[in-house]
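Protein chains in written order, with this note's numbering: chain A, 9 to 315; chain B, 9 to 315; chain C, 9 to 315; chain D, 9 to 315; chain E, 9 to 315; chain F, 9 to 315. For each residue, glycine too, the CB sits at the ideal point set by N, CA and C. Have a look at the structure below before the remarks.
Written out as structure tokens, the structure reads:
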């Protein structure tokens, strides 16, 4: 008996061919910015794994394994850190190769490897300082929120702290020449917390974001020490109405400067390269596109009374 | 020696019985809309898995496995696509059976199976076009954001693109008669990106959402080509104050029409079946419940100057 | 032949020592609130696992395994519940020990164990009632949203329901003396849905949150029955401008009371211990810091007409 | 700049084509016994999973989850059993379909489904008896081995028990018309323990195999009660030298009958349809191809003294 | 419409009840040796995991993670060892509790915990010596097998080494009062390699087993230094024909003593408390039940020439 | 309050130091054959994964995913093969580097990479022929065992086939200069089936091993076509008693030649470079150290009658 061939449920060859044609059109149409054969990009999964290890190495007793003791702490830290840094070298190499291909260059593989290694060495050297900075953020959250019961709870539960651990790592990568890795780290925090901080933003010690969903902080924002933000605050570029030509040049300082000890309440929007003077308080839902002197108290009411 | 029986830590039988009683009350009280015995619903986990495979098949070099090459691309695409489509047939069958049970019908299992297969065949045929549409979205993000360094980075990092890959798949499922699957896909994107697009929304080529957290786009919204949106923009139904009878009929066109090349800035709210004319710019936090002609520039100030 | 020792890629000993120094400084500087040796905190991963099991035990046919039947339902419920409760006892013990250490006390391990067990016993007893409450929420979402096709779809897809399953469990834990576990549960929902409900908030039956991203509900908020909320609604504390002394006492009732059948539209902000009277409607983006009587209809326009 | 296409590391298309040709030759050459399009076979992984669940359901306190209590035992047993039986129906269906295709038949899918369900129903009914049989095997191992400290240890550690749990399940499947599933179960035990018992072998209560590696028991072997075997014992077919025609008919009784309370020491080989009389003792490395009366004591020496 | 209740595919309640009855009979029939409520036994999975960690800690460069370096070795060793020892304390506690229950005793939980901890402390102290012993075994395999290309290959590939790593750990546990854990470790090796060494066997330095399948070494065997064994060698108890009363007392020395530098070829069987003198060679398939002086060369031929 | 430091449960630093000392002694004592810093060895886990993929690519319908169809077969084969070969290049590189380090050489990394790639290219080219060979083995098992019901069952269940799939791959790797990878593959089969075939053994078409546990086939054995073997057969080196100088030279032909259509029954041992003539039958437990002419029938009886 000859069995009939199984009937294909869909024209697989045909769909594969059409998808190939779509890819081919894309590649030929936009060769300059397009993708090229055989490339690898950094991996989101790999970076999430690295982040988990770095978090554990930075805060072994609170974000490391549950049954760690102080006498075994260093073994855990050393082993985990080493593992994270080795994995990071791989990801750094992928970003650096990607940049080279974008530029049409093809340096020796060993040169890229050396640069990746040096960059991760420099990154590793920033970790102790980064831990000390995050300690100030933890204390800021603990003292700033009357509901916080312990500093341990803050690290464990507060999305603002989760976002800052990500940001301070992302910013360090960004400054050392790995902006794409920084961006992937930032988006991991964005997805988990709803807080969107560009890895380029400079943020001082003792920073606290409460609730946090919907917060957006732009690439060239500069934030001083002991600043506090609530949910849905935007520190953005004033691209409208004055900046409507559409040819905005990258790299230009275009986001706000927020000086020390400023508080900005939920829903406030601050746009453009303006300066919020030291100790100012910006009320909820305020829309602000100009600088204010130190010690200002700005509310919707105060703004509307001017018109 | 006779060991004493271990003491139960909680009255398990009692709690199980009370939970059974609660289920029983629910089932008898609301028989019409309620659940019935032995049913299966589509699975969120299964759909997340299908989405990952479809993403890889659509963008093999960027969302597929890291070490793919162009000469092995088609094998990966064909194998992955086939796997995703087979899994989708199962999920489609579950939705179609669910609908039948809601209607009190009980058609032959083979009829449901055939319909599920035909629907997935139709879905498969839309994939090449869907990839071409997403290419326009990728280019829109790349050219629209001065910070974007490469089209690869856009696909890898931008939550707006993640949301659009989900939406264009969800919309295809929605149009082919699988709205529940579409909804599950949409909520997967909502959870990951904070962007909430109803699978019914019609969105033209070259769409770009920046930052994105808090964006809500309703079921009957119609969006033209090359439109740009920022975080916290709502394109909703004007159910208040004019629509307060509470008996809103499903299916009625009740969300905005946004014509080509419109830009809507962060926090703006557009409600009801109004039309935003081609090329208009809607400023941040604007609250708009009426149509505006092509080329309009609407800001909070311009609105308040009218009062 | 003697091989050269492999060259270390980074000064691992040095970085480990510096991180140790940073931890040591932190611990000595802030001994009172700081961390102490050998402690364990509750685990986010463990609680996510417990939540998945509790959700299945509460809604076996919709959130349990796909192929459950009514005749095997009780076996699944009993087995899953028992497993979840046992795991919860461990987490409760960790929170209770943590509190003891915060207070500088060191009670017998068995006393903590007994308390943890009793607390989980009490929690287990609340589950049937909790299921009945969630049934009212499911019905509220089904009847309140014309797009909802079935109650099954509501449980499967609506982020508002996901947030409420989490909240009603978190609130039960909070009331029984496990506020840290409650907080971890609440943050799991916050991360997944963008909806941030403090575990202390009291919420009546038939509650419905549509879309939900950006919703914030504070610790002492009291919400009546059949209330409906949209995305980006804040029920917060009025800490600005009247409450600027910075020494806000914990536990004080400081968030709104929302009476039965109130509707609050997207982006509205209600701050302080004010009362929204029964059946009121608060419009989109409204900023409200005073009480309103039953049946009020508040819009931006109505507020501005007063100035 | 146009990037060169990545060079393929191997001629993938060519190798795929050659493998296709090899498959095609195989299929055309041996159509009768060969494979046909679109078939599915039972899965070893699925059966290993089913075996783990059945083992837990049969011995909940010893092979089930570590923290089970007697008051929650039935929930675990019911839930696990139901899950295992449902999975077994799927595998049974695959075997039955496979047999139909071998026979060139194509019955209605529903007929196969019904038969699979009935077979698993019958299998389920044998489980309580099977547990009682295995209890006798456990006691036999405990009393037969002076080194055994507790019956729990026997179940946990003894490869002989592991092999018997598999065999008694495999034999039940074999008798109910699922010999392929039985074979897969038997091979799982063979791989784990080195004990190779054909699922067709009939084995009485209180059977004990010590050490076990290299034991082979053939399809038509019949073993009485309280029999004991050591490593490397073969109960095989006497195919040499008397049975050298090569056309051995399947199903013929061709393996030994071992009566009650026989002991067979390591390395002994018994071949053909011979009978080892009740209470006999067969010494190590003995080679036996004829029947022996009850109470015999056979050693290498006793055999050689005959020549 | 009222849907019919789904028909149960099998009488689940009935089967569960019958299995309960079987358990109940077992428990009442054999109370002395039987199982009692709420007990936990050590876990095979947990021990396999501990073994993997211990293997890595003992041989970090060869059985640890692939990319370890000498400068990060100690961090890995310390972290992995600590993790393995902590897990081992749990398993030790379970064995000690189990023994207490067998004896009908119920000591304070803390006493068991202290004993478990002390035992694991003693075990930890044996690890450096154990590594040095295994180094001699590795060298023995390397020099003894002309096919071995490097000592690394020996550790990676030779089942004999795998069995010895397990045995030396199992023997250490056995001597420290954890025979059940030792047995589980031994059976893990038995299943993986087919080599069955009782944890009580005493084995000197430089031991080598080639091929190994079917090797059995009994509890009271004593093996000197630099001994070599091949597959299917048994060092067993001479329970037949001289020892047929069936009341063999546990603990009696009943297995062979094998002096230094003995070689025993494949299939040889040595039974009883006999002594194989230093430097003897025992040929393949030899059956030996009496002592032989140092320097003996025993073959099948030499044995038969005696009769 | 100052909390006491947690008491370390074991002297971790001390044990780590002692283990370091043991490693240091090992490395200095045996520098020539010993391990050196920073090396990587091939990974057993990686090879098991590669084997699973190669098995699927060779037999897509029987060892590939359950729901494959003929029209999607090539996509699966191409994708899986490519993935397996890429992973194999990595493992080949590790073996080649290892050999270089053993020789004290340090060639350019790129030279090793090129050699690894070329070797895997050559290996890939052998796969279609290897599939055709395995088809003959499958048929041999099917026709040789009256109990076999279908060729599919043979591939799924027979340990002999599992061992041969491994061996034919291992032998191909061995011949191409990757003997360590070959050995790892062989040991994977040994552990799973108890069949120990050295990767160097040459085995003709249509080979069948029944039951298999305890089979050992040496490095220089040469086996003709259509040969059949049973459990516990050894084809070994005659190192005793004639070969007792201990300095056996590697590579010398020292294992049997078995000509076409020979059958060797269970437990037979053939040692040394002897030839078993075409069509001979070797009985169970026979011990043979000299050549026999074609057509011989050798039994224990026939051997003993000679003395």
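task: Find the residues of chain B that neighbour residue 80 (chain F), judging by a C-beta separation of less than 8 angstroms, and give them in chain order.
output: 86, 87, 90
message: Which residue wins for smallest C-alpha separation from residue 32 (chain C), given the options A:67, A:48, A:27, A:33?
response: Looking at the Cα atoms, A:67 is the closest of the given residues.
Beta carbon proximity, residue 75 (chain E) to chain A, threshold 9 angstroms: yes
message: Can you tell me where the beta strand (DSSP E) holding residue 270 (chain D) begins and where it ends?
response: Run containing residue 270 (chain D): none; DSSP gives neither H nor E here.
message: Going by DSSP in three states, residue 295 (chain C) sits in which element: helix, strand or coil?
response: The answer is strand: DSSP assigns residue 295 (chain C) an E or B state.
task: If I'm right that residue 79 (chain A) touches residue 24 (chain C) with Cβ under 8 angstroms, what's the distance once you round it to whole angstroms?
output: With 8 angstroms as the limit, residue 79 (chain A) and residue 24 (chain C) do not qualify as a contact, their Cβ atoms being about 14 angstroms apart.
- request: Can you give me the Cβ contacts of residue 261 (chain F) inside the same chain, cut-off strictly under 7 angstroms, excluding the 5 residues immediately before and after it?
  value: 228, 281, listed in sequence order.
task: Just tell me which of D:89, D:173, D:265, D:185 has its CA closest to the CA of residue 200 (chain D).
output: D:173
query: From this set, D:183, D:177, D:202, D:143, which residue's C-alpha is nearest residue 213 (chain D)'s C-alpha?
result: D:143
- prompt: Out of D:89, D:105, D:35, D:71, which has the shortest C-alpha to C-alpha gap to residue 22 (chain E)?
  reply: D:89
message: Output needed in chain order: residues of the stretch 152-163 of chain F with a Cβ under 8 angstroms from some Cβ in chain D.
response: Flagged, chain order: 154, 155, 157, 158, 159, 160, 161.
message: My output table needs one value for residue 190 (chain F): the three-state DSSP class, helix, strand or coil.
response: Three-state result, residue 190 (chain F): helix.
query: Taking any Cβ of chain B, which residues in the stretch 89-119 of chain F have a Cβ under 9 angstroms from it, in chain order?
result: Residues passing the 9 angstroms Cβ filter: 89, 90, 91, 94.
task: Starting from residue 285 (chain E), trace the beta strand (DSSP E) both ways and give me its first and last residue.
output: Premise fails: residue 285 (chain E) is in no beta strand (DSSP E) and is neither H nor E.
message: Using a Cβ-Cβ distance cut-off of 9 angstroms, determine whether residue 274 (chain E) contacts chain F.
response: yes
field: Local Cβ density within 10 Å of residue 309 (chain D), reported as buried at 16 or more and exposed below that
entry: exposed
- prompt: For residue 146 (chain A), which residues from the same chain have a beta carbon less than 7 angstroms from its beta carbon, with the 5 sequence-adjacent residues on both sides left out?
  reply: Counting only Cβ-Cβ distances below 7 angstroms, and skipping sequence neighbours, we find 159, 162, 163, 169.
- prompt: What separation, rounded to the nearest whole angstrom, lies between the Cα atoms of residue 279 (chain C) and residue 241 (chain C)?
  reply: 11 angstroms
field: Cutoff 6 angstroms; reference residue 295 (chain A); Cβ partners in own chain excluding five residues on either side
entry: 277
message: Only counting the same chain, and skipping five residues up and downstream in sequence, which positions put a Cβ closer than 7 angstroms to that of residue 50 (chain D)?
response: Excluding positions up to five away in sequence, the list reads 99, 102, 103, 188, 189, 192.
field: Short Cβ contact (9 angstroms threshold) for residue 224 (chain F) with residue 28 (chain D)
entry: No. Outside cutoff.
Residues that residue 83 (chain E) contacts on chain A, provided the C-beta gap is smaller than 7 angstroms: 83, 86, 87, 90
query: Which residues, in order along the stretch 217-242 of chain C, keep a beta-carbon less than 8 angstroms from a beta-carbon of chain A?
result: 221, 222, 224, 227, 240, 242
message: Is it buried or exposed, residue 60 (chain D), if we count other Cβ atoms within 10 angstroms and call 16 or more buried?
response: Classification of residue 60 (chain D): exposed, given that the 10 Å Cβ count is below 16.
message: Run through chain D and tell me which residues come within less than 9 angstroms of residue 129 (chain F), C-beta to C-beta.
response: 17, 18, 19
Candidates F:149, F:75, F:77, F:245, of which the one nearest residue 283 (chain F) by Cα: F:245
- prompt: Is the CB-CB distance between residue 132 (chain F) and residue 171 (chain F) below 9 angstroms?
  reply: no
Test: residue 192 (chain E) CB closer than 9 angstroms to a CB of chain D: yes
- prompt: What residues of chain E sit near residue 124 (chain D), judged by a beta carbon separation below 8 angstroms?
  reply: Simply none; closest approach about 11 angstroms.
query: Rounded to the nearest angstrom, how far is the Cβ of residue 156 (chain C) from that of residue 95 (chain C), given a contact under 8 angstroms?
result: Their Cβ separation, rounded to whole angstroms, is 33 angstroms, which puts residue 156 (chain C) and residue 95 (chain C) out of contact at 8 angstroms.
query: Pick from E:297, E:35, E:272: whose alpha carbon is nearest that of residue 217 (chain E)?
result: Residue E:272 is the option with its Cα nearest to residue 217 (chain E).
query: How big is the Cα-Cα spacing for residue 291 (chain A) and residue 304 (chain A)?
result: 11 angstroms
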